[in-house]
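To start, the structure under review is shown below, and the notes come after it.
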Amino acid sequence: DQQVKQNSPSLSVQEGRISILNCDYTNSMFDYFLWYKKYPAEGPTFLISISSIKDKNEDGRFTVFLNKSAKHLSLHIVPSQPGDSAVYFCAAGGSGGSNYKLTFGKGTLLTVNP
Amino acid sequence: DSGVTQTPKHLITATGQRVTLRCSPRSGDLSVYWYQQSLDQGLQFLIQYYNGEERAKGNILERFSAQQFPDLHSELNLSSLELGDSALYFCASTRQLDYGYTFGSGTRLTVV
Chain A
13 DQQVKQNSPS
23 LSVQEGRISI
33 LNCDYTNSMF
43 DYFLWYKKYP
53 AEGPTFLISI
63 SSIKDKNEDG
73 RFTVFLNKSA
83 KHLSLHIVPS
93 QPGDSAVYFC
103 AAGGSGGSNY
113 KLTFGKGTLL
123 TVNP
Chain B
39 DSGVTQTPKH
49 LITATGQRVT
59 LRCSPRSGDL
69 SVYWYQQSLD
79 QGLQFLIQYY
89 NGEERAKGNI
99 LERFSAQQFP
109 DLHSELNLSS
119 LELGDSALYF
129 CASTRQLDYG
139 YTFGSGTRLT
149 VV
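So the protein sequences, as listed, match chains A and B.
Heads up: the first sequence is residues 13 to 126, going by the working numbering.
Heads up: the second sequence is residues 39 to 150, going by the working numbering.
Okay, here's the thing in structure tokens:
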């Protein structure tokens with residue numbers, strides 16, 4: 013039972029354009045959401061997060077939008093750069109307890125073409 | 039370098055064998071998480087330790103066990119290995135109980 017779904021395994025965009033990565037979740041107990049970026053042969057690195065009390069969070073070129081009623085979040089990258097090419101994981105936490113474990117999606121491979 | 043050290047980076051072993059994966063958390067971090075990433079899968083939570091005590095368990099197989107030592111490093115033991123155990127195993131650490139994960143670069147286990 014996948015509680016966090018990233019339905020697009022891959023996405024290709026042109027340099028300078030917007031990249032939009034999507035994520036859906038099913039567990040209404042989730043109250044904190046994060047995006048991680050992963051390059052080959054490296055561990056995931058934190059990119060941006062959002063609490064369920066907000067619907068938007070910005071950090072430079074990266075913006076995360078949260079639609080709680082639809083149980084959907086998205087990551088916008090504007091403008092996209094070739095160095096953004098990586099696998100992006102959506103993760104959710106707060107499904108109960110105080111252990112701070114995260115539930116991850118399968119990831120979306122973003123390719124930004126020069 | 040994230041500050042979280044995982045060894046070895048690569049491991050090839052035969053079915054039925056036992057291996058130990060090691061994780062040294064970032065200096066000052068008390069909590070360690072283990073995740074498994076199989077082919078075309080997201081990271082699956084295995085187990086969490088906080089200051090030496092087991093805090094939470096995911097869908098960890100009975101053949102797998104872990105512990106966190108007094109110096110806060112952690113080891114994940116995988117026994118009676120099967121082909122399906124081939125995966126990337128990631129360790130992450132946090133300062134306290136929070137979502138500020140710092141991941142290591144992972145151990146790639148191949149069971150042949």
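Quick reminder that beta carbons are idealized off the backbone N, C-alpha and C, glycines included.
Rounded to a whole number of angstroms, what is the C-alpha to C-alpha distance between residue i and residue j?
i: residue 59(B); j: residue 148(B); result: 13 Å
i: residue 106(B); j: residue 62(B); result: 10 Å
i: residue 38(A); j: residue 14(A); result: 8 Å
i: residue 95(A); j: residue 22(A); result: 16 Å
i: residue 28(A); j: residue 92(A); result: 5 Å
i: residue 36(A); j: residue 71(B); result: 24 Å
i: residue 90(A); j: residue 26(A); result: 11 Å
i: residue 92(B); j: residue 85(B); result: 8 Å
i: residue 100(B); j: residue 79(A); result: 38 Å
i: residue 57(B); j: residue 121(A); result: 31 Å
i: residue 122(B); j: residue 150(B); result: 10 Å
i: residue 67(A); j: residue 83(A); result: 11 Å
i: residue 103(A); j: residue 146(B); result: 22 Å
Is there at least one Cβ from chain B nearer than 9 Å to residue i's Cβ?
i: residue 115(A); result: yes
i: residue 118(A); result: yes
i: residue 126(A); result: no
i: residue 76(A); result: no
Does the distance from the C-beta atom of residue i to that of residue j stay below 9 Å?
i: residue 119(A); j: residue 100(A); result: yes
i: residue 16(A); j: residue 116(A); result: yes
i: residue 57(A); j: residue 48(A); result: yes
i: residue 120(B); j: residue 53(B); result: yes
i: residue 144(B); j: residue 128(B); result: yes
i: residue 97(A); j: residue 123(A); result: yes
i: residue 65(A); j: residue 87(A); result: no
i: residue 55(A); j: residue 40(B); result: yes
i: residue 20(A); j: residue 33(A); result: yes
i: residue 133(B); j: residue 69(B); result: yes
i: residue 90(B); j: residue 108(B); result: yes
i: residue 73(B); j: residue 135(B); result: no
i: residue 111(A); j: residue 94(B); result: yes
i: residue 131(B); j: residue 67(B); result: yes
Any beta carbon of chain A sitting closer than 9 Å to that of residue i?
i: residue 54(B); result: no
i: residue 60(B); result: no
i: residue 140(B); result: yes
i: residue 101(B); result: no
i: residue 133(B); result: no
i: residue 67(B); result: no
i: residue 49(B); result: no
i: residue 42(B); result: yes
i: residue 144(B); result: yes
i: residue 104(B); result: no
i: residue 36(B); result: Absent from the structure is residue 36(B), since the part of chain B shown begins at 39 and ends at 150.
i: residue 80(B); result: yes
i: residue 93(B); result: yes
i: residue 96(B); result: yes
i: residue 136(B); result: yes
i: residue 107(B); result: no
Could you tell me which of the options sits nearest to residue i, measuring between CA atoms?
i: residue 96(B); options: 114(A), 103(A), 21(A), 126(A); result: 114(A)
i: residue 103(B); options: 92(B), 110(B), 93(B), 115(B); result: 115(B)
i: residue 42(B); options: 56(B), 49(B), 57(B), 65(B); result: 65(B)
i: residue 46(A); options: 30(A), 31(A), 63(A), 52(A); result: 63(A)
i: residue 78(B); options: 124(B), 67(B), 130(B), 98(B); result: 124(B)
i: residue 41(A); options: 126(A), 106(A), 53(A); result: 106(A)
i: residue 82(B); options: 49(B), 126(B), 142(B), 48(B); result: 126(B)
Q: Check each residue of the region 58-71 of chain A: if its Cβ is closer than 9 Å to any Cβ of chain B, include it; give the result in chain order.
A: 58, 61
Q: Report the residues of the region 22-53 of chain A with a CB closer than 9 Å to any CB of chain B, ordered along the chain.
A: 44, 46, 48, 50, 53
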